[in-house]
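Beneath this line is the structure, given in structure tokens, with notes to follow.
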Amino acid sequence: MDFLYRPWPWYVAGPIIGLSVPALLLMGNKKLGVSSTLRQICAACYPAKIPFLNYDWKKDSWNLFLVAGILIGGFIGGTLFANPEPTRLSPATVDLLHRQGIENLNGLMPVELFNWQTLLSVKGFLLMVAGGFMVGFGTRYARGCTSGHGIMGLAALQWSSLLATMSFFLGGILFSYFVLPYVLAL
Amino acid sequence: MKNLKYTLVGIVFGLALTKGEAISWFRIQEMFHFQSFHMYGIFMTAVPVGALSLWIIRKLQLHSADGQLIDAPVKPYHRGIIPGGLIFGFGWAFTGACPGPLYAQVGAGYLVTIVTFVSALAGTWVYARLQPYLPS
Numbered sequence: 001m002d003f004l005y006r007p008w009p010w011y012v013a014g015p016i017i018g019l020s021v022p023a024l025l026l027m028g029n030k031k032l033g034v035s036s037t038l039r040q041i042c043a044a045c046y047p048a049k050i051p052f053l054n055y056d057w058k059k060d061s062w063n064l065f066l067v068a069g070i071l072i073g074g075f076i077g078g079t080l081f082a083n084p085e086p087t088r089l090s091p092a093t094v095d096l097l098h099r100q101g102i103e104n105l106n107g108l109m110p111v112e113l114f115n116w117q118t119l120l121s122v123k124g125f126l127l128m129v130a131g132g133f134m135v136g137f138g139t140r141y142a143r144g145c146t147s148g149h150g151i152m153g154l155a156a157l158q159w160s161s162l163l164a165t166m167s168f169f170l171g172g173i174l175f176s177y178f179v180l181p182y183v184l185a186l
Numbered sequence: 187m188k189n190l191k192y193t194l195v196g197i198v199f200g201l202a203l204t205k206g207e208a209i210s211w212f213r214i215q216e217m218f219h220f221q222s223f224h225m226y227g228i229f230m231t232a233v234p235v236g237a238l239s240l241w242i243i244r245k246l247q248l249h250s251a252d253g254q255l256i257d258a259p260v261k262p263y264h265r266g267i268i269p270g271g272l273i274f275g276f277g278w279a280f281t282g283a284c285p286g287p288l289y290a291q292v293g294a295g296y297l298v299t300i301v302t303f304v305s306a307l308a309g310t311w312v313y314a315r316l317q318p319y320l321p322s
């Protein structure tokens, strides 16, 4: 069971992630995509007469089964078989994060930033509430996320997916370099 | 339940995301600062594996288990690609999560990320509400 505790190198994790593309196609001609499930849940829970949310969401409910699996996968890999060692980040990143005031680099999230107390501070509100909001708003506006555009769309050689993926990275680089340092200093 | 097989794919996908540390906030910062090859290695292997399998499936004109001829997705350009993509990128840098990891982070025991997830739902809902007024 040692391989479940240890982190997987990119050349193991990447190909497995890529294999979800043919798996879904062969099972039911389904195209990998995750952000559409956020729309599905909105449509199921609170469609509020909005045209974009009034459709037969049950017809596409296969993707809700997919994301239930992702949650279970996260539970197996991150809770049941959590890596006991700190992530082997590059020394430059360790240095950067320490300079930004993040001491605890254990686990998958900086627990000193992401906890219920900081949620009530400006910093925590921006990182979790505003951050999550932008993920939900942006992915739907771009009609896809890292899975739908970044993996499925690129695998299907779609130009718009390449443009979308470049936009994801550009947005992330801009905020990580120029905005996050100020938020972390709050 | 005919849809349960997709849960199996999700479990393997979510496990690879988690064990590959693609759901790690730290790894995402490292990626955006170009300080490690790790995350790029994941993309650079996942995409060709997906592309090659799609190409073989299309070449052999394979059918899915439920009898449909498998086709490739078509994603036409629209005016939301760049602004939407940038906004998502901003949120990705803050949360360390794209939509797949939103689910996996909760599963990995970081329960406060339920807030991130619910906010993402709110973002999607507000997009839906504003959709008639946004260029698309």
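Heads up: the protein sequence lines correspond to chains A and B, in order. So in our numbering, spot 2 of the first sequence is number 2, and the numbers just go up one at a time. So in our numbering, spot 36 of the second sequence is number 222, and the numbers just go up one at a time. All C-beta atoms, glycine included, are put in the ideal place defined by N, C-alpha and C.
Is the separation between the beta-carbon of residue i and that of residue j shorter than 8 Å?
{"i": "G293(B)", "j": "G73(A)", "result": "yes"}
{"i": "G101(A)", "j": "L186(A)", "result": "no"}
{"i": "I50(A)", "j": "A237(B)", "result": "no"}
{"i": "L38(A)", "j": "G136(A)", "result": "yes"}
{"i": "L190(B)", "j": "F75(A)", "result": "no"}
{"i": "Y5(A)", "j": "F81(A)", "result": "yes"}
{"i": "G69(A)", "j": "F199(B)", "result": "yes"}
{"i": "A258(B)", "j": "A156(A)", "result": "yes"}
{"i": "I268(B)", "j": "S161(A)", "result": "no"}
{"i": "G153(A)", "j": "K261(B)", "result": "yes"}
{"i": "T93(A)", "j": "H264(B)", "result": "no"}
{"i": "A208(B)", "j": "I151(A)", "result": "no"}
{"i": "G227(B)", "j": "W10(A)", "result": "yes"}
{"i": "G196(B)", "j": "V67(A)", "result": "yes"}
{"i": "L180(A)", "j": "F212(B)", "result": "no"}
{"i": "L127(A)", "j": "F223(B)", "result": "no"}
{"i": "G275(A)", "j": "V34(A)", "result": "Outside the shown range of chain A, which is 1 to 186, sits residue 275(A), and nothing can be said about it."}
{"i": "Q291(B)", "j": "S90(A)", "result": "no"}
{"i": "V298(B)", "j": "N83(A)", "result": "no"}
{"i": "W57(A)", "j": "Q40(A)", "result": "yes"}
{"i": "I243(B)", "j": "I256(B)", "result": "yes"}
{"i": "I207(A)", "j": "A202(B)", "result": "The structure shown does not extend to residue 207(A), since chain A is modelled only from 1 to 186, so the question has no answer here."}
{"i": "A43(A)", "j": "Y55(A)", "result": "yes"}
{"i": "V235(B)", "j": "L19(A)", "result": "yes"}
{"i": "T87(A)", "j": "L113(A)", "result": "no"}
{"i": "K205(B)", "j": "G107(A)", "result": "no"}
{"i": "Y192(B)", "j": "M109(A)", "result": "no"}
{"i": "Y319(B)", "j": "L71(A)", "result": "no"}
{"i": "A130(A)", "j": "G271(B)", "result": "no"}
{"i": "S210(B)", "j": "G266(B)", "result": "no"}
{"i": "F52(A)", "j": "Q317(B)", "result": "yes"}
With DSSP collapsed to three states, give me the class of residue i.
{"i": "H219(B)", "result": "coil"}
{"i": "L126(A)", "result": "helix"}
{"i": "L255(B)", "result": "strand"}
For the ligand MG, is there any heavy atom lying closer than 7 Å to the beta carbon of residue i?
{"i": "A290(B)", "result": "No copy of the ligand MG occurs in the structure displayed, which carries no ligand at all."}
Against chain B: residues of the stretch 157-177 of chain A by CB proximity under 8 Å: L157, Q158, W159, S160, S161, L163, A164, T165, M166, S167, F168, F169, L170, G171, G172, I173, L174, F175, S176, Y177
Segment contact, 8 Å Cβ cut-off, at least three pairs: the stretch 125-144 of chain A with the stretch 238-251 of chain B: no
Sufficient close CB pairs (3 or more, under 8 Å) joining the stretch 125-135 of chain A to the stretch 302-309 of chain B: yes
Start-end ranges of the alpha helix (DSSP H) lying completely within the stretch 263-288 of chain B, minimum 4 residues: 267-281
Proximal residues, the stretch 187-207 of chain B versus chain A, C-beta separation under 9 Å: M187, K188, N189, L190, K191, Y192, T193, L194, V195, G196, I197, V198, F199, G200, L201, A202, L203, T204, K205, G206, E207
Contact list for the stretch 110-122 of chain A against chain B, Cβ threshold 9 Å: P110, V111, L113, F114, N115, W116, T118, L119
Interface positions of the stretch 7-25 of chain A facing chain B (Cβ-Cβ less than 9 Å), listed along the chain: P7, W8, P9, W10, Y11, V12, A13, G14, P15, I16, I17, G18, L19, S20, V21, P22, A23, L24, L25
Selection of the stretch 142-156 of chain A by Cβ proximity to chain B, strictly under 9 Å: A142, R143, G144, C145, T146, S147, G148, H149, G150, I151, M152, G153, L154, A155, A156
Any alpha helix (DSSP H) of 4 or more consecutive residues that is wholly inside the stretch 26-53 of chain A: 36-45
Ranges of the alpha helix (DSSP H) found wholly within the stretch 88-172 of chain A, counting only runs of at least 4: 91-99, 131-141
Near-chain B residues of the stretch 65-91 of chain A (beta-carbon distance less than 7 Å), N- to C-terminal order: F65, L66, V67, A68, G69, I70, L71, I72, G73, G74, F75, I76, G77, G78, T79, T87, L89, S90
Chain A contacts made by the stretch 282-299 of chain B, where a contact means CB separation under 9 Å: G282, A283, C284, P285, G286, P287, L288, Y289, A290, Q291, V292, G293, A294, G295, Y296, L297, V298, T299
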